[in-house]
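Peer 1: Pasting a structure here, questions to come.
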Amino acid sequence: KAGVTQTPRYLIKTRGQQVTLSCSPISGHRSVSWYQQTPGQGLQFLFEYFSETQRNKGNFPGRFSGRQFSNSRSEMNVSTLELGDSALYLCASSIDGAYEQYFGPGTRLTVT
Amino acid sequence: AQSVAQPEDQVNVAEGNPLTVKCTYSVSGNPYLFWYVQYPNRGLQFLLKYITGDNLVKGSYGFEAEFNKSQTSFHLKKPSALVSDSALYFCAVSAQTGANNLFFGTGTRLTVIP
Numbered sequence: 482k483a484g485v486t487q488t489p490r491y492l493i494k495t496r497g498q499q500v501t502l503s504c505s506p507i508s509g510h511r512s513v514s515w516y517q518q519t520p521g522q523g524l525q526f527l528f529e530y531f532s533e534t535q536r537n538k539g540n541f542p543g544r545f546s547g548r549q550f551s552n553s554r555s556e557m558n559v560s561t562l563e564l565g566d567s568a569l570y571l572c573a574s575s576i577d578g579a580y581e582q583y584f585g586p587g588t589r590l591t592v593t
Numbered sequence: 193a194q195s196v197a198q199p200e201d202q203v204n205v206a207e208g209n210p211l212t213v214k215c216t217y218s219v220s221g222n223p224y225l226f227w228y229v230q231y232p233n234r235g236l237q238f239l240l241k242y243i244t245g246d247n248l249v250k251g252s253y254g255f256e257a258e259f260n261k262s263q264t265s266f267h268l269k270k271p272s273a274l275v276s277d278s279a280l281y282f283c284a285v286s287a288q289t290g291a292n293n294l295f296f297g298t299g300t301r302l303t304v305i306p
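Chains as they are written, first to last, in this note's numbering: chain A, 482 to 593; chain B, 193 to 306.
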């Protein structure tokens with residue numbers, strides 16, 4: 482089975498711009514979660530989608546949003562980028578109820 | 193609110209020796225506990241989980257963890273360390289049944305010395 486894929490792997494954006502990151506889960510996995518990893522704050526939960534609905538949300542401003550499509554693929558969007566949004570964004574998928582999540586390699590976003 | 197503490201930023205151990213990476217947690221209700229490992233420039237890999245049942249959980253690559261409810265701990269262990277075990281280890285907790293909103297510790301960098 483193919484693992485979780487994330488595109489793009491690297492991204493450089495300018496402050497004030499917006500960005501969209503994509504995640505394709507493992508086939509058969511219906512839950513997709515997003516996490517932000519930074520040296521200062523560590524790994525922080527952004528949100529989780531299941532069956533095209535946001536099921537859980539972390540403590541991030543409304544500039545961070547996401548969605549899930551009928552094929553379980555997910556996108557997250559960050560609007561009005563700030564320097565502090567520079568991070569590794571990780572996507573994880575799971576079979577609902579199985580608890581363990583399988584992570585993709587991440588998208589490294591640099592905001593200049 | 194849930195939280196996880198990994199008191200050691202760095203753990204060094206000689207190859208062949210047993211290793212322990214410590215984790216304590218705080219959560220209201222029953223905890224769902226996980227260990228993940230991260231290699232350089234890669235995502236996280238699942239090692240093991242505790243949901244319910246036997247307090248000693250066995251996982252991938254020879255790792256195991258012991259759930260201790262009274263001490264609210266979930267330490268990761270391996271009887272004999274390999275150089276290839278050198279990586280960043282994260283403990284995580286969720287307090288919601290079936291929920292995928294994990295709260296992670298700050299991570300412990302394990303270095304196995306040949």
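We treat Cβ as the ideally placed atom computed from N, Cα and C, and that holds for glycine.
(1) Let's test the definition: count the other Cβ atoms within 10 Å of the Cβ of A483 (chain A) and tell me whether it reaches 16, buried, or not, exposed.
(2) Considering only residues of the same chain and omitting the five flanking positions on each side of L569 (chain A), which have a CB-CB separation below 6 Å?
(3) At a Cβ threshold of 8 Å, is R234 (chain B) touching chain A?
(4) Residues in the same chain with beta-carbon distance under 6 Å from G251 (chain B), minus the five sequence neighbours each way, listed in chain order, please.
(5) Since R589 (chain A) sits in a beta bridge, which residues does DSSP pair it with?
(6) Take the Cβ of L571 (chain A) as the centre, count every other Cβ of all protein chains shown within 10 Å, and call the residue buried at 16 or more, exposed below.
(7) Can you name the start and end residues of the beta strand (DSSP E) that K214 (chain B) belongs to?
(8) Output the distance between the C-alpha atoms of S532 (chain A) and S503 (chain A), rounded to the nearest integer angstrom.
(9) In three-state terms, what does DSSP make of V485 (chain A)?
(10) Tell me which residues of the stretch 217-229 of chain B have at least one Cβ-Cβ distance to chain A shorter than 9 Å, keeping chain order.
(11) When you compare only the Cα positions, how much space is there between G521 (chain A) and G565 (chain A)?
(12) Can you tell me which of the three DSSP states L564 (chain A) falls into?
(13) Does DSSP classify Y142 (chain B) as helix, strand or coil?
(14) From N552 (chain A) to I305 (chain B), what does the alpha carbon distance come to, in whole angstroms?
(15) What residues of chain A sit near G299 (chain B), judged by a beta carbon separation below 9 Å?
(16) If you draw a straight line from the C-alpha of V485 (chain A) to the C-alpha of P506 (chain A), how long is it?
(17) Check for me: the beta strand (DSSP E) holding V513 (chain A) runs from which residue to which?
(18) Return no unless some Cβ of chain A is closer than 8 Å to the Cβ of I243 (chain B).
(19) Could you run through the stretch 570-591 of chain A and flag, in chain order, every residue whose CB is less than 8 Å away from some CB of chain B?
(20) Looking only at its chain, what residues have a beta carbon closer than 6 Å to the beta carbon of K538 (chain A), apart from the 5 residues adjacent to it on each side?
Peer 2: Looking at the coordinates:
(1) exposed
(2) Q518, G587 and R589
(3) A Cβ of chain A is located within less than 8 Å of the beta carbon of R234 (chain B).
(4) The beta carbon of G251 (chain B) lies closer than 6 Å to those of L239 and L240 in the same chain, with the five residues before and after it left out.
(5) According to the DSSP secondary-structure assignment, R589 (chain A) is paired through a beta bridge with A:Y491 and A:L569.
(6) buried
(7) No beta strand (DSSP E) contains K214 (chain B), which DSSP labels as neither H nor E.
(8) 16 Å
(9) Here V485 (chain A) sits in coil by DSSP.
(10) So the list reads Y224, F226 and Y228, given in the order they occur along the chain.
(11) The C-alpha of G521 (chain A) lies about 10 Å from the C-alpha of G565 (chain A).
(12) helix
(13) No answer is possible for residue 142 (chain B): the residues shown for chain B start at 193 and end at 306.
(14) 45 Å
(15) G523 and L524
(16) 5 Å
(17) First-last of the beta strand (DSSP E) with V513 (chain A): S512 to T519.
(18) By this cut-off, I243 (chain B) is an interface position.
(19) L571, A573, S575, D577, G578, Y580, E581, Q582, Y583, F584, G585, P586 and G587
(20) F528
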